[in-house]
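The listed protein sequences correspond, in order, to chains A and B. Per this note's numbering, the first sequence starts with residue 1, numbered consecutively. Per this note's numbering, the second sequence starts with residue 1001, numbered consecutively. The block underneath contains the structure these notes are about, expressed in structure tokens.
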Amino acid sequence: MGKRIAITGNFAIAEAMRQINPDVCAAYPITPSTQIMEKFSTFVADGKVDTELVTVESEHSAMSACIGASAAGGRVMTATSSQGLALMWEMLHIASGMRLPVVMTLVNRALSAPINIHGDHSDGMGARDCGWIQLWSENAQEAYDNLIQAIRIAEHDDIRLPAMVCMDGFIISHSIESMEMLPDDVVRDFIGEFKPKHPLLDIENPVTYGPLVLPDYFMEFKRQQHEAMLHVKDVVLEVAKEFQKISGRSYGLFETYRLEDAELAIVVLNSAAGTCKDVIDEYRDKGVRVGLLKPRLFRPFPYEEVAEALSGAKVIAVLDRAESFGGFGPMFMEISAAMLTNGSKPLMINKIYGLGGRDFMPEHAAVVIDEMKEVAETGKVKILKDYLGVRE
Amino acid sequence: MAADTIEIRWHGRGGQGTVTAAKVLADACLSGGKHVQAFPEYGPERAGAPLRAYNRISTKPLRIHCPVTNPNIIAVVDATLIDSINVAEGAADDAIFVINTSKDPKEIREKMKLKETQKVFTVDATKIALETIGRPLPNSCMLGALAKASGIVDLDTLLEDVKGSFGSKFSEKIINANLEATRRGYEEVKEG
């Protein structure tokens, strides 16, 4: 079994990368993900990994180098945050369009302007449609576990797509928490050897990546990308099952907490979910039937499964740590779409919270539960989209 | 906060090793079999500026992710902060204060107008640091004092982790001086 350690989210990711030992890592560090590369570069310098570390001049170049190395036939990883991911945007589509299983950690941070280095989900949500698999993580343990599983998922023969693992900037990346780290050989056996498909360096069998495709075939390419995404759910569950055998920790497409008989349900990603669980326990002690659903796999989104899990709820509050200006929060849109698939018609409210690292406190979760209680009693939603902990 | 969790708030100034102290305490409590968190309040890092750091120590897995607002233990690494900020803000009725000062606990209690149910411990950590380490770095000594005042970790476990926190980069002389500072903090802290 693993070893219990106290470690920051960033160092946990760096340790996972050391254990994974990728062939190539190209990176341009940015707050709050900087320490991942800082630590990983010491592993490279100390000969703890065989990785070719490519230090580049921007995140656009970092992703470009990752794409080249992956197409050449290597196992490739990187990490970024916020503006870094934004600068990669063009290349994110190229990685997924070329079906390259690059695995990246995204330490979630707000997007400028005004400039802010703290945690929110604007960066990851902005990359929703880039064709990358997205796994979200509540704490350092989940980020570490997700990164190891992401390798298997991205490289799976039925998938071959890039994947990003998200965790909250500062709240998780810079906080020390206790977690369990698996032994190196267990991780190495679990991920196995990388088997490249149609590598550019196989000069006996030359192939072309990313050629011009005109209207006569472009849609077929895009349709195939979507089809590949549809295989992800099964593979995520299959990999999770195997991961449980080596770790004792179970993962699904999402996590539910006291949701089975819940009339009121909170949907929330990442670190705020943990805080909500503590508050849910307090309300349960008072006899309030409230539960939680925390999405893990956000792309592809498991609509039917999420709808099924939430089908008993009368009221659902979806908490978003990202804005869609002039629209609902991105998670609210997904949950609304999910609930259309089974016709259970719950009353729904959307709360925007924690932008730019604004603390999400237990009091905020209590405000949401109290409001859901009122909505359940009156059958009326007063304000569909609102903000938590903001000055008016 | 549930009774199985102890929440700690550290008050220090940038450059005093306050964040490191919170980290070492987390390591020591982890060695003692507890679930732990250690995190600073994130802001511009400037030497001399007031800063806060936090710990949560629990017998159960910790799920909460937000700053500590109602601490059970308050460690003040720089006593001049008592004059400029309210270090007792939100303190639990039975909170333990551990303060780096040459003053007597009674004097501090009166000055801070603390409740009868709250406990005050003082230790002259800066003086001890100067005598042992030779520099005004009070964090090792504060850890010893906090361990004694709170009983959350035993001295031997703490000393192991103080030693471990220095890794292989520091000389044996510096490590031993810090261990001595930790031990003296444990022994010389006064309750009142």
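Even for Gly, the Cβ is constructed at its ideal location relative to N, Cα and C. Note that the coordinates shown come from a computational prediction; the quantities given were computed from them, not determined experimentally.
Coarse secondary structure for residue i, derived from DSSP in three states
i: residue 1118 of chain B; result: coil
i: residue 52 of chain A; result: strand
i: residue 1037 of chain B; result: strand
i: residue 1018 of chain B; result: helix
i: residue 1054 of chain B; result: strand
i: residue 25 of chain A; result: strand
i: residue 1075 of chain B; result: strand
i: residue 1104 of chain B; result: coil
i: residue 1012 of chain B; result: strand
i: residue 145 of chain A; result: helix
i: residue 291 of chain A; result: strand
i: residue 16 of chain A; result: helix
i: residue 267 of chain A; result: strand
i: residue 1006 of chain B; result: strand
i: residue 1166 of chain B; result: coil
i: residue 1111 of chain B; result: helix
i: residue 1132 of chain B; result: helix
i: residue 297 of chain A; result: strand
i: residue 251 of chain A; result: coil
i: residue 233 of chain A; result: helix
i: residue 388 of chain A; result: coil
i: residue 381 of chain A; result: coil
i: residue 8 of chain A; result: strand
i: residue 1042 of chain B; result: coil
i: residue 135 of chain A; result: strand
i: residue 245 of chain A; result: helix
i: residue 34 of chain A; result: helix
i: residue 1091 of chain B; result: coil
i: residue 1190 of chain B; result: strand
i: residue 256 of chain A; result: strand
i: residue 1173 of chain B; result: helix
i: residue 1085 of chain B; result: coil
i: residue 117 of chain A; result: coil
Option in the options with minimal Cα separation from residue i
i: residue 1183 of chain B; options: B/1086, B/1192, B/1163; result: B/1163
i: residue 1078 of chain B; options: B/1126, B/1166, B/1007, B/1023; result: B/1126
i: residue 349 of chain A; options: A/360, A/49, A/380; result: A/380
i: residue 1188 of chain B; options: B/1101, B/1157, B/1045, B/1091; result: B/1101
i: residue 97 of chain A; options: A/212, A/322, A/1; result: A/212
i: residue 1144 of chain B; options: B/1121, B/1166, B/1135; result: B/1121
i: residue 142 of chain A; options: A/260, A/13, A/300; result: A/13
i: residue 168 of chain A; options: A/73, A/119, A/72; result: A/119
i: residue 16 of chain A; options: A/296, A/186, A/256, A/259; result: A/186
i: residue 262 of chain A; options: A/91, A/248, A/283; result: A/283
i: residue 339 of chain A; options: A/388, A/302, A/71; result: A/302
i: residue 393 of chain A; options: A/391, A/75, A/214, A/136; result: No statement about residue 393 of chain A is possible, as the shown extent of chain A runs from 1 to 392 and does not include it.
i: residue 314 of chain A; options: A/304, A/327, A/291, A/296; result: A/291
i: residue 4 of chain A; options: A/229, A/209, A/176; result: A/176
i: residue 1161 of chain B; options: B/1175, B/1006, B/1057, B/1042; result: B/1175
i: residue 196 of chain A; options: A/221, A/161, A/172, A/217; result: A/161
i: residue 208 of chain A; options: A/389, A/35, A/72; result: A/72
i: residue 184 of chain A; options: A/1, A/390, A/370; result: A/1
i: residue 223 of chain A; options: A/99, A/304, A/81; result: A/99
Heavy atom of the ligand PLP within 7 Å of residue i beta-carbon
i: residue 209 of chain A; result: Looking at this structure, you won't find the ligand PLP or any other ligand, since it has none at all.
Which whole runs of the beta strand (DSSP E) in the segment 49-111 of chain A are 3 residues long or more, in chain order?
52-55, 76-80, 103-108
Is it the case that the segment 274-289 of chain A contacts the segment 1047-1065 of chain B, given that we only count it when at least three CB pairs across the two stretches are under 8 Å?
yes
Determine which residues of the segment 153-176 of chain A have a Cβ less than 8 Å from any Cβ of chain B, and write them out in chain order.
168, 170, 171, 172, 174, 175, 176
Would you be able to state if there are at least three C-beta pairs under 8 Å between the segment 138-151 of chain A and the segment 379-386 of chain A?
no
Could you pull out every unbroken beta strand (DSSP E) segment of at least 3 residues lying fully inside the segment 149-224 of chain A, listed in chain order?
163-168, 176-181
Inter-stretch contact at 8 Å, needing at least 3 Cβ pairs: the segment 20-30 of chain A / the segment 152-165 of chain A:
Taking 8 Å as the limit for Cβ pairs, the verdict is that the segment 152-165 of chain A does not touch the segment 20-30 of chain A.
If the cut-off is 7 Å on Cβ atoms, which residues from the segment 1032-1043 of chain B count as contacting chain A, listed in chain order?
1035, 1036, 1037, 1038, 1039, 1042
Curious, which full-length alpha helix (DSSP H) runs of at least 4 residues does the segment 320-360 of chain A contain?
Complete alpha helix (DSSP H) runs here, min 4: 330-340.
At a CB distance below 8 Å, what residues from the segment 1063-1087 of chain B approach chain A? Give them in sequence order.
1063, 1064, 1065, 1066, 1067, 1069
Short of 9 Å Cβ to Cβ, which residues in the segment 256-276 of chain A face chain B?
270, 271, 272, 273, 274, 275, 276
When you check each C-beta in the segment 348-377 of chain A against every C-beta of chain B, which residues fall closer than 8 Å?
357, 359, 360, 361, 362
Which residues, taken in chain order from the segment 1005-1027 of chain B, show a beta carbon closer than 7 Å to some beta carbon of chain A?
1023, 1026, 1027
Contact between the segment 188-196 of chain A and the segment 161-180 of chain A is defined here as three or more beta-carbon pairs at a separation below 8 Å; is this criterion met?
No, the segment 188-196 of chain A is not in contact with the segment 161-180 of chain A.
To be precise: take each residue of the segment 113-127 of chain A, compare its Cβ to all Cβ atoms of chain B, and keep it if any distance is under 8 Å. Which residues remain?
Residues of the segment 113-127 of chain A whose Cβ lies closer than 8 Å to any Cβ of chain B, in chain order: 118.
Pairs of beta-carbons, one from the segment 62-78 of chain A and one from the segment 125-133 of chain A, closer than 8 Å: are there three or more?
no
contact_flag[the segment 99-110 of chain A, the segment 71-87 of chain A] where n(CB pairs < 8 Å) is 3 or more
The way I'd put it, the segment 99-110 of chain A does touch the segment 71-87 of chain A; three or more beta-carbon pairs between them come closer than 8 Å.
Chain B contacts made by the segment 4-19 of chain A, where a contact means CB separation under 7 Å:
Listed by position along the chain: 4, 6.
Residues of the segment 133-146 of chain A with Cβ closer than 7 Å to any Cβ of chain B, in chain order:
none
Examine the Cβ distances between the segment 48-60 of chain A and the segment 222-230 of chain A and report whether three or more of them are shorter than 8 Å.
no
Touch check for the segment 1004-1019 of chain B and the segment 1078-1092 of chain B: three-plus C-beta pairs under 8 Å?
yes
For the segment 315-334 of chain A and the segment 345-361 of chain A, state whether three or more C-beta atom pairs, one from each stretch, are separated by less than 8 Å.
Contact between the segment 315-334 of chain A and the segment 345-361 of chain A is present, with at least three C-beta pairs closer than 8 Å.
Compile a chain-ordered list of the residues in the segment 175-197 of chain A whose CB is closer than 8 Å to at least one CB of chain B.
For chain B, the residues of the segment 175-197 of chain A that bring a beta carbon within less than 8 Å of one of its beta carbons are 175, 176, 177, 178, in chain order.
Chain B contacts made by the segment 277-299 of chain A, where a contact means CB separation under 8 Å:
Against chain B - using a Cβ distance shorter than 8 Å - the residues of the segment 277-299 of chain A are 277, 278.
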